[in-house]
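Chemist: Have a look at the structure that comes next, please.
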Amino acid sequence: MSKVPYEVYTEDVEALTVLSPDGEIINKDKMPDLTDDQLKEIMYRMVFTRTWDDRAVNLGRQGRLGFYAPVSGQEATMIGSEYALEKEDFLCPGYRDIPQLVWHGLPLYQAFLYSRGHQHGGAIPDGVNVLMPQIIIGAQILHATGIAMGFKLKKQKSVAITYTGDGGSSEGDFYEGLNFAGR
């Protein structure tokens with residue numbers, strides 16, 4: 271049996287920082303080109319998502335939601351990435367990505383119906399380019415890859431986005447999705 275040589279990467283990686291801990295701009299060339307109104311809208315969405323998350327967690331503890339995965343602390347990545355999408359782009363969520371669905375066009379009441387297991391919770395309105403959350407960890411990666419491949423075949427200038435954590439990146443679906451995405 272031959273051994274494959276490998277090299278261990280040991281250098282520290284410097285974090286990309288735009289703002290100081292005090293909120294001062296320290297990296298102007300990396301500052302996004304957003305208006306004050308856009309920045310206020312993003313902040314509104316993050317605060318709304320945190321408030322909604324607190325309420326949904328409490329409803330879950332009361333037994334009034336069948337399934338809801340908390341999202342507190344992830345609002346910036348969720349809202350920032352969804353805000354960059356166009357209406358034609360497609361969102362393929364995992365179980366923790368319900369806020370992005372709502373901000374991409376799924377009615378809020380329907381997100382709660384989904385979390386309660388209601389039969390109409392999974393009915394996606396026309397013109398809303400989302401799938402319902404995938405509960406199987408990492409499986410949404412294949413959905414996003416397939417949709418992106420369809421965009422490519424149609425020569426459509428749209429993107430498919432998905433999210434996963436460390437659990438999803440250790441699944442076979444993650445690697446299968448990467449292999450197809452690279453084609």
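In our numbering, the protein residues as written are 271 to 453.
No residue lacks a Cβ here, since even glycine has one placed at the ideal position from N, Cα and C.
By Cβ distance below 7 Å, which residues in the same chain neighbour Leu289 in space, the five residues on each side in sequence not counted?
Modeler: Ile295, Ile296, listed in sequence order.
Chemist: Between the Cα of Arg315 and the Cα atoms of Thr280, Ser342, Ile407, Thr415, which residue gives the shortest distance?
Modeler: Here the closest residue by C-alpha is Ser342.
Chemist: Would you say Pro363 and Gln426 are within 8 Å of each other, going by their C-beta atoms?
Modeler: No, Cβ-Cβ distance for Pro363 and Gln426 is not below 8 Å.
Chemist: For Gly435, which option in Val274, Gly420, Ile407 has the closest C-alpha, if you only look at C-alpha atoms?
Modeler: Measuring from the Cα of Gly435, the nearest candidate turns out to be Ile407.
Chemist: Three or more C-beta pairs under 8 Å: does that hold for the stretch 328-342 against the stretch 297-309?
Modeler: Verdict: no, contact absent.
Chemist: His374 and Leu361: beta carbons closer than 8 Å?
Modeler: Cβ atoms of His374 and Leu361: closer than 8 Å.
Chemist: Looking at Gly447 and Leu412, is the spacing between their C-beta atoms short of 8 Å?
Modeler: Result yes, Cβ atoms of Leu412 and Gly447 sit closer than 8 Å.
Chemist: Between Gln370 and Gly438, what straight-line distance do the alpha-carbon atoms span, to the nearest angstrom?
Modeler: One C-alpha to the other measures close to 18 Å.
Chemist: Where Ala430 and Gly416 are concerned, what is the direct C-alpha to C-alpha distance, given to the nearest angstrom?
Modeler: Taking the straight line from one Cα to the other gives about 9 Å.
Chemist: Among Val274, Tyr353, Asp359, Arg366, which residue has its Cα nearest to the Cα of Gly420?
Modeler: Nearest option by C-alpha distance: Asp359.
Chemist: Which same chain residues, not among the five before or five after Pro403, have their C-beta less than 7 Å away from its C-beta?
Modeler: Excluding sequence neighbours, Pro403 sits near Pro363, Gly364, Tyr365, Asp367, Ile368.
Chemist: Look up Gln404 in the DSSP assignment and say whether it is helix, strand or coil.
Modeler: In this structure, Gln404 counts as strand in the three-state DSSP scheme.
Chemist: Mapping DSSP to helix, strand and coil, what is Leu289?
Modeler: Strand, per DSSP.
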